[in-house]
């Protein structure tokens with residue numbers, strides 16, 4: 039299973055791929071990995087970028103606390119190794135995101151629900167809502183806000199009364 043398929047599975051059934059915010063988290067993952075091969079975690083980067091990100095936007099990558107396999111990460115200059123596995127000893131290894139890996143660990147965190155009101159200033163065809171949903175998802179993704187699940191309330195749009 040590729041990194042993106044593992045992430046999709048975790049986001050659909052849990053919260054996301056596992057992230058490491060401190061050494062305590064790392065110890066938990068190492069314990070869960072005993073007896074298994076390397077497994078996908080939520081650390082990744084965008085092609086041609088040097089900065090690593092966790093797929094959970096609230097967790098910041100801390101290079102000082104990261105223990106990489108000797109010689110890793112490699113491919114700093116535009117290589118294809120943009121996703122990360124964690125080995126059974128708790129070391130990170132960057133590999134291609136489309137590489138098949140049968141193991142991954144998901145994180146189950148609190149689900150945050152937010153009600154957002156959107157004001158539109160001109161007429162927009164509101165049926166179907168999927169193009170609007172897709173634009174919102176792209177906005178969240180572009181701003182590194184993670185994978186957001188959108189749903190519409192029963193009365194999606196109401197006409198605002200003019201003030202006298």
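Numbering (our numbering), first residue to last: 39 to 202.
Note that beta-carbon positions come from the ideal geometry of N, C-alpha and C, so glycine has one too.
These figures come from a predicted structure and were not determined experimentally.
Short Cβ contact (8 Å threshold) for residue i with residue j
i, j, result
"residue 170", "residue 67", "no"
"residue 141", "residue 82", "no"
"residue 94", "residue 57", "yes"
"residue 54", "residue 80", "yes"
"residue 77", "residue 130", "no"
"residue 85", "residue 120", "yes"
Continuous alpha helix (DSSP H) stretch holding residue i: start and end
i, result
"residue 106", "From DSSP, residue 106 is part of no alpha helix (DSSP H); its letter is neither H nor E."
"residue 82", "First-last for residue 82: 77-82, but that is the beta strand (DSSP E), not the alpha helix (DSSP H)."
"residue 48", "41-51"
"residue 65", "61-71"
Rounded separation between residue i and residue j - CA only
i, j, result
"residue 132", "residue 112", "7 Å"
"residue 41", "residue 134", "9 Å"
"residue 104", "residue 200", "57 Å"
"residue 175", "residue 138", "27 Å"
"residue 180", "residue 173", "10 Å"
"residue 122", "residue 72", "18 Å"
"residue 178", "residue 136", "23 Å"
"residue 61", "residue 110", "19 Å"
"residue 43", "residue 117", "21 Å"
"residue 65", "residue 39", "24 Å"
Contact set for residue i: own chain, Cβ-Cβ below 7 Å, skip 5 residues either direction
i, result
"residue 70", "143"
"residue 91", "82, 83, 99 and 182"
Span of the beta strand (DSSP E) around residue i
i, result
"residue 132", "130-133"
Same chain, Cβ closer than 8 Å to residue i, five either side skipped, listed in chain order
i, result
"residue 101", "90"
"residue 145", "48, 52, 53, 54, 55, 56, 57, 80 and 94"
"residue 107", "125, 129, 130 and 131"
Presumed contact (8 Å Cβ cut-off) between residue i and residue j, rounded CB distance
i, j, result
"residue 59", "residue 97", "5 Å"
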